[in-house]
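J.: Note that the protein sequences, when read in sequence, are chains P and R.
Everything in the first sequence is counted per the numbering used here, starting at 1 for the first residue and increasing by one.
Everything in the second sequence is counted per the numbering used here, starting at 214 for the first residue and increasing by one.
Structure provided below as structure tokens; questions to follow.
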Amino acid sequence: MRSKFDEQLELLHKELIEMGALCENAIAMATKALSEGNTKMAAKVPELSTEIDRKERDIETMCMKLLLQQQPVARDLRTISSALKMVTDMERIGDNSGDIAEIVTMANISPSDNTEHIQDMARATIKMVTDSIDAFVKKDIDLANSVIAYDDVVDGFFNEVKTDLIKKLGKPESNGEKVLDLLMIAKYFERMGDHAAEIAKWVRFSITGNKEG
Amino acid sequence: MTKRIFRTIFVVAVSIFLASALLFMTVLYDYFSGIQQSQLRMQIDLASQGVEDEGLDYLQNLTIKDYRVTWIGTDGKVLYDSVSDIDEMENHFEREEVKEALSEGYGASSRYSSTLTQRYLYGAKRLPDGTVIRLSVTQNSLLILTLGMLQPIMVIFVIAIILSAFLASRLSKKIVKPLNEIDLDKPLDNDGYDELSPLLRRIDVQQKEIGRQSEELKQKQKELEVMTSAMSEGIILLNSRGTILSINKAAAKLFGTDCFCIGEDIVSINRSLELAQLLNKAKAGKHSEQVAEFGNGQYQMMASPVISDDIVSGIVLLLLDVTEKEKAEQLRREFTANVSHELKTPLHTISGSAELLANGMVKAEDISVFSSRIYSEAQRMIQLVEDIIRLSHLDEGAENMKWDKVNLYRIAEETVNSLTDEAANAKIKLKLCGEAVSINGIKQLIQEIIYNLCDNAIKYNRRDGSVSVEVKDMDDFAIVSVSDTGIGIPTEHQERIFERFYRVDKSHSKEIGGTGLGLSIVKHAAKLHNAEIELQSVVGSGTTITVKFPKNSERSI
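In structure tokens:
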């Protein structure tokens, strides 16, 4: 009985890692599309986003089945309940990547439109997402904590991007629509950072049973 | 064990007890019944004697409690009864014992009361006058007797339970103790039951067998480990579910993990989609390959399914570092493209001019112009082909070149002299300074090195610039450095200028001339001499290229 349960937990772990990998790919592709103005690549992101949605449903079903059939307690219960919460955040990361890709396609954002800070912000966000999933894979609480702390860096970048864009808007030749689109993109990155921090918190919860450090 | 032994002992004890109790009771009951019956007969004899002598008075004066006495007349009517009123009693003629007494002289019978709790014994005797005297005695039935014994039986039952539980636990402990004390590591050293010795012998044999096999397995695993750990390629063995069974050092290093990942899922050490796709294909039983980027290198991943009994039982993942290969491949592609381009350009000019000449479209006075153009382009092509041949010769290791003691300064002097005209045309000052140093080397190649460096320094100089060549002796090394005051080389190009056909400014290559192979020849020639090349360049103010020859360089192979 227990061995079957262990097997299922292992499968859940694997599925979560795979979903994390999909998210990493989605955000990396969206960022690449943004920095290169590559609309072809941007068009592929929504596909990934749908796959992430499907994975989310799979994992949810798996968690529900485990909860009902095995009635887990203590650590197992924490693992499963945090998995249930993590997939939501991962799914949002996928959605946000899709949103960024959509803006890149619709608004025809070219590499020259990017401010340097948006690139920095994208890199910082990717690092957060990768680290949060690494923390989950390695059950590394220190890494999880560092991800949570790193959220401030991304928030800082968001403010800088905002300042840049305000300056840009003040210039006579500025294109208001593009500035707003860039602001949206920055906001999406900022949201993804929040989701990554949230994932890290659930990683912490599943290890220690304490979500708020 | 204890439970079973207890049950057996208990059942045996109780059944023996019950059987013996039953036996005793029936035997005793029969015995006592016999005694009672003979007593009854004696009493009847006495009573009949009395009645014969005294008649009814005898009976009326009789005071006995144990017996019931009945006197039955010849017509069956009861004349006297010691218990009931005679008027209410029915005719006794039909009673079994009475009938028997009338016919035989004595009769006996027994009947159970309606509740089965009592048994009546009857005895009857015919008197000489034809009347019958009957005596009856009550006797407790076997059932009542048994019921009366219930209490002691229960006590014995409880005692049996306790005793058998006690015995069972002792017995099972005694049986199990030697079994528990068997030292399975040394099965033959035990002296338990004789019955166990075949088992112990068998265990001993199997243990030895297992020990030998596991030793063999360990040995094999060690061999494999040694073999794989020395490999520069990464090898990972996975089971069919993707769990890592074995990983060698190179692969662990590549994925930034350690040997503790054995037993974990492959996704926990690398979750790239390429790898996942590759493994999925392998799980489906197909061999597949893919090049992917890990860290700073390109790796070719090969996943092969291990198929046994038509089922994929595992996956072998091989990782080859193809960074160098990919780079070399790219260089080769670029080289081919460059060579064909460089060869095509002069050919176009030649073919165009020749076509015009052939069609007679050229005025007589222009013929010399066209033919000199054809000549110069042909010369350029010849030089290019010569350079390529020289390079490929250098690639082969300059087999036929002669190694000699050469004087660097003298070679530099000769080379500088040969370039004076060119320098003067470009209005550039050419200087040579330094001291005489002799090294072991190939004169022709060293000449080539200095020539090419000076040639470049002149070509890529500004007007009224200068080129200075310096030859220095530094104990173990001889140094030739060529500095110019030219345009300099931007940092991002510095790495690549020694590549074949590489040009910093691609658009003006034709004006400047040259084949684009000069520095490549320098690089190869220097390599043959084990010399190092150092490049210092500042954009806009000049470049210094220093070649450091080891003095006692042996021919490198």
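C-beta atoms are modelled at their ideal positions from N, C-alpha and C, and glycine is treated no differently.
Is the distance from the Cβ of Ala-691 of chain R to the Cβ of Ile-652 of chain R below 7 Å?
T.: Yes, the pair counts as a contact, with Cβ atoms nearer than the cut-off.
J.: Can you list, in chain order, the residues of its chain whose CB lies under 8 Å from that of Ala-196 of chain P, leaving out five sequence neighbours each side?
T.: Within the same chain, Ala-196 of chain P has close Cβ partners Asp-89, Ile-93, Thr-125, Met-128, Val-129, Asp-131, Ser-132, Val-147, Asp-151.
J.: Going by the CB atoms, is the gap between Tyr-333 of chain R and Thr-344 of chain R shorter than 7 Å?
T.: The answer is no: Cβ separation not under 7 Å.
J.: For the stretch 445–452 of chain R against the stretch 531–538 of chain R, do three or more pairs of beta-carbon atoms, one drawn from each stretch, fall closer than 8 Å, so that the two count as touching?
T.: These segments touch.
J.: Under the three-state reduction of DSSP, which class applies to Trp-284 of chain R: helix, strand or coil?
T.: In this structure, Trp-284 of chain R counts as strand in the three-state DSSP scheme.
J.: Could you name the residues of chain R that Gly-20 of chain P contacts, counting a contact when the two beta carbons are closer than 7 Å?
T.: Simply Arg-484.
J.: Buried or exposed: Met-86 of chain P, going by 16 or more other Cβ atoms within 10 Å of its Cβ?
T.: Met-86 of chain P is buried by the Cβ-count criterion.
J.: Please classify Gly-455 of chain R as buried or exposed, where buried requires at least 16 neighbouring CB atoms within 10 angstroms.
T.: That one is buried.
J.: Which value, in whole angstroms, describes the spacing of the CA atoms of Lys-433 of chain R and Thr-441 of chain R?
T.: Approximately 12 Å between the Cα atoms of the pair.
J.: Could you please give me the residues that DSSP links to Asn-832 of chain R through a beta bridge?
T.: Because chain R is modelled from 214 through 770, residue 832 of chain R falls outside the range shown and cannot be assessed.
J.: State whether the stretch 18–31 of chain P contacts the stretch 479–486 of chain R, with contact taken as three or more CB pairs (one from each stretch) at a distance under 8 Å.
T.: Contact holds: three or more Cβ-Cβ distances are below 8 Å.
J.: Between the Cα of Leu-748 of chain R and the Cα atoms of R:His-706, R:Met-515, R:Asn-674, which residue gives the shortest distance?
T.: Here the closest residue by C-alpha is R:His-706.
J.: I'd like to check one pair, Asp-120 of chain P with Phe-157 of chain P: are the Cβ atoms closer than 7 Å?
T.: Yes. Within cutoff.
J.: Counting only Cβ-Cβ distances shorter than 8 Å, please list the residues of the stretch 127–150 of chain P near chain R, keeping chain order.
T.: From the stretch 127–150 of chain P, only Ile-133, Val-137, Lys-138 have a Cβ closer than 8 Å to chain R.
J.: With H, G and I counted as helix, E and B as strand and the rest as coil, what does DSSP make of Leu-340 of chain R?
T.: Coil.
J.: Note down, in chain order, each residue of its chain lying with its Cβ closer than 7 Å to the Cβ of Leu-450 of chain R, except the 5 sequence neighbours on either side.
T.: Excluding sequence neighbours, Leu-450 of chain R sits near Leu-458, Ser-459, Gly-527, Val-529.
J.: Suppose the cutoff is 7 Å on Cβ atoms and the five residues either side in sequence are ignored; what does the same chain contact list for Ser-769 of chain R look like?
T.: Legend: pLDDT at Ser-769 of chain R = 46, less than 50; position of this residue unreliable, no value from coordinates given.
J.: Check the Cβ-Cβ distances between Ser-481 of chain R and every residue of chain P, and say whether any is below 7 Å.
T.: Yes, its Cβ sits closer than 7 Å to a Cβ of chain P.
J.: According to DSSP, simplified to helix, strand and coil, what is Lys-387 of chain R?
T.: DSSP places Lys-387 of chain R in helix when its eight states are reduced to three.
J.: Tell me whether Asp-396 of chain R sits in a helix, a strand or coil according to DSSP, three-state version.
T.: In this structure, Asp-396 of chain R counts as coil in the three-state DSSP scheme.
J.: Does His-13 of chain P pass the burial test, meaning 16 or more other C-beta atoms within 10 Å, or should it be called exposed?
T.: Flag for His-13 of chain P reads buried.
J.: Could you give the first and the last residue of the continuous alpha helix (DSSP H) run that contains Phe-157 of chain P?
T.: Start and end: 141–170.
J.: Taking 7 Å as the CB-CB cut-off, is Asp-478 of chain R touching chain P?
T.: For Asp-478 of chain R, the answer is yes, since a Cβ of chain P falls inside 7 Å of its Cβ.
J.: What residues match up with Arg-324 of chain R in a beta bridge as DSSP calls it?
T.: In DSSP, Arg-324 of chain R forms a bridge with R:Tyr-333.
J.: Use the C-beta contact count for Pro-184 of chain R: other C-beta atoms within 10 angstroms, 16 or more gives buried, fewer gives exposed.
T.: Residue 184 of chain R cannot be examined here, being either before or after the span of chain R that is shown, 214 to 770.
J.: So Ala-378 of chain R and Phe-230 of chain R are supposed to be a Cβ contact under 8 Å. How far apart are they, rounded?
T.: Contact flag wrong, Cβ pair sits at about 16 Å.
J.: Less than 7 Å separating the beta-carbons of Val-684 of chain R and Val-693 of chain R?
T.: Yes, these two residues count as a Cβ contact at 7 Å.
J.: Using a beta-carbon distance cut-off of less than 8 Å, what residues from the stretch 6–40 of chain P approach chain R?
T.: Hits within the stretch, in order: Glu-10, His-13, Lys-14, Ile-17, Glu-18, Gly-20, Ala-21, Leu-22, Glu-24, Asn-25.
J.: Spell out whether any CB of chain A is found under 7 Å from the CB atom of Met-238 of chain R.
T.: Among the protein chains in the structure shown, which are P and R, there is no chain A.
J.: Taking the C-alpha atoms as reference points, what is the distance between Gly-729 of chain R and Asn-461 of chain R?
T.: Approximately 45 Å between the Cα atoms of the pair.
J.: Is the Cβ-Cβ distance between Val-153 of chain P and Ala-186 of chain P less than 7 Å?
T.: Contact flag unset, no.
J.: Which bits of chain P does Ala-489 of chain R rub up against, with CB to CB less than 8 Å?
T.: The answer, in chain order, is Glu-18, Ala-21.
J.: Take Val-225 of chain R as the anchor and find which of R:Ile-374, R:Ser-349, R:Tyr-271, R:Tyr-512 has the nearest alpha-carbon.
T.: For Val-225 of chain R, the nearest C-alpha among the options comes from R:Ile-374.
J.: Tell me whether Glu-640 of chain R sits in a helix, a strand or coil according to DSSP, three-state version.
T.: Note on residue identity: the sequence assigns Lys, not Glu, to residue 640 of chain R. Here Lys-640 of chain R sits in coil by DSSP.
J.: Could you tell me the alpha carbon to alpha carbon distance between Ala-232 of chain R and Met-238 of chain R, rounded to whole angstroms?
T.: Rounded to the nearest angstrom, the two C-alpha atoms are 10 Å apart.
J.: Indicate whether the contact test is met: 3 or more Cβ pairs, each with one atom in the stretch 665–676 of chain R and one in the stretch 509–525 of chain R, closer than 8 Å.
T.: Counting Cβ pairs under 8 Å, fewer than three are found: no touch.
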